[in-house]
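What follows is a set of notes on a single structure, which appears directly below.
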């Protein structure tokens, strides 16, 4: 089997109806040099029957138990064979020319990571570009610094990256493979890859559609969920700090990793309109888990 250019990794837990739209957007690709790895995290709605409707480029993997979205994402990356990985949430979808655009970018000016714009799909209504970026190239460390300083949006922090970077990250810090977290899973998965990359290229192109529905976690999280996410974010931050120290990247990079964690925590607190009393409980969580 020839190595595909792109592996789409799709951790699944939820609605097979929404998953189908995402998979159909892959079938519609104008460049078919890809595979899709769907990892079912023991969802009540199993995706095996749905995946049987697609061709051999679509692979189904069932987790032995529910382990959370990060472990599902990790399993998908371990199963993937492509040169580049594109991370998809199971309810999102992509532009039909995404693989073709990645190929053209690789042929024009290769990079370890390609970032691109996205649009928000709010209950079927497509918004304007949610995250705007312009064509430019910078290092992974510069990307982390920009995000820590609120000069780069998380949603375009990394969308297509070389699989070999993830493999190297697991070798550097084995604890990355043992994390079991839910909400800050992209933080745990992306930061090591970004720090190991020599070049990250931003493309002024919209290739991803983020689905935001009334049932999305962003609209239904309880305070206990927010508090748990904060604790998990801090746990991830400690593992990432260990990763930075193992690579000898210095205290400045470690401070940026902490700054990214705090930015994520502040977003959760603001997004869910946490009350003053609840904020005090958040502070206690920060204190006891610092």
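Numbering (the numbering used here), first residue to last: 35 to 324.
By construction, the Cβ of each residue, glycine as well, lies at the ideal position given by its N, Cα and C atoms.
Note that this is a predicted model, so its numbers are computed, not measured.
Problem - Complete beta strand (DSSP E) runs within the region 118-158 (minimum length 3 residues, chain order) - result: 118-121 and 147-156
Exercise for the section: Give the DSSP-derived three-state secondary structure of residue 239 in the structure shown. Expected result: strand
Exercise for the section: Please state if the CB of residue 135 and the CB of residue 239 are separated by a distance shorter than 8 Å. Expected result: yes
Practice task
Just the C-alpha distance for residue 214 and residue 80, rounded to the nearest angstrom, thanks.
Solution key: 21 Å
Exercise for the section: Report the three-state DSSP secondary structure of residue 96 (helix, strand or coil). Expected result: strand
Handout entry: At least three beta-carbon pairs within less than 8 Å, the region 130-144 to the region 174-183
Key = no
Practice task
Take the Cβ of residue 161 as the centre, count every other Cβ of all protein chains shown within 10 Å, and call the residue buried at 16 or more, exposed below.
Solution key: exposed
Exercise for the section: Starting from residue 198, trace the alpha helix (DSSP H) both ways and give me its first and last residue. Expected result: 197-206
Practice task
Could you pull out every residue in the same chain whose Cβ sits closer than 8 Å to the Cβ of residue 67, ignoring the five residues on either side in sequence?
Solution key: 38, 39, 40, 133 and 137
Exercise for the section: Specify whether the region 228-235 and the region 144-152 touch according to this definition: at least 3 beta carbon pairs, one from each stretch, less than 8 Å apart. Expected result: yes
Practice task
Please state if the CB of residue 85 and the CB of residue 72 are separated by a distance shorter than 8 Å.
Solution key: yes
Handout entry: Assigned secondary structure, residue 226 (DSSP; H/G/I helix, E/B strand, else coil)
Key = helix
Practice task
Return the first residue and the last residue of the alpha helix (DSSP H) that residue 61 is part of.
Solution key: 50-61
Exercise for the section: Work out the CA separation of residue 127 and residue 156 for me, nearest whole Å. Expected result: 13 Å
Handout entry: Selected residue, minimal CA-CA separation from residue 168, among 209, 150 and 62
Key = 150
Practice task
Taking all protein chains shown into account, decide if residue 115 is buried (16 or more other Cβ within 10 angstroms of its Cβ) or exposed.
Solution key: exposed
Handout entry: Cβ pair residue 199, residue 139 closer than 8 Å
Key = no
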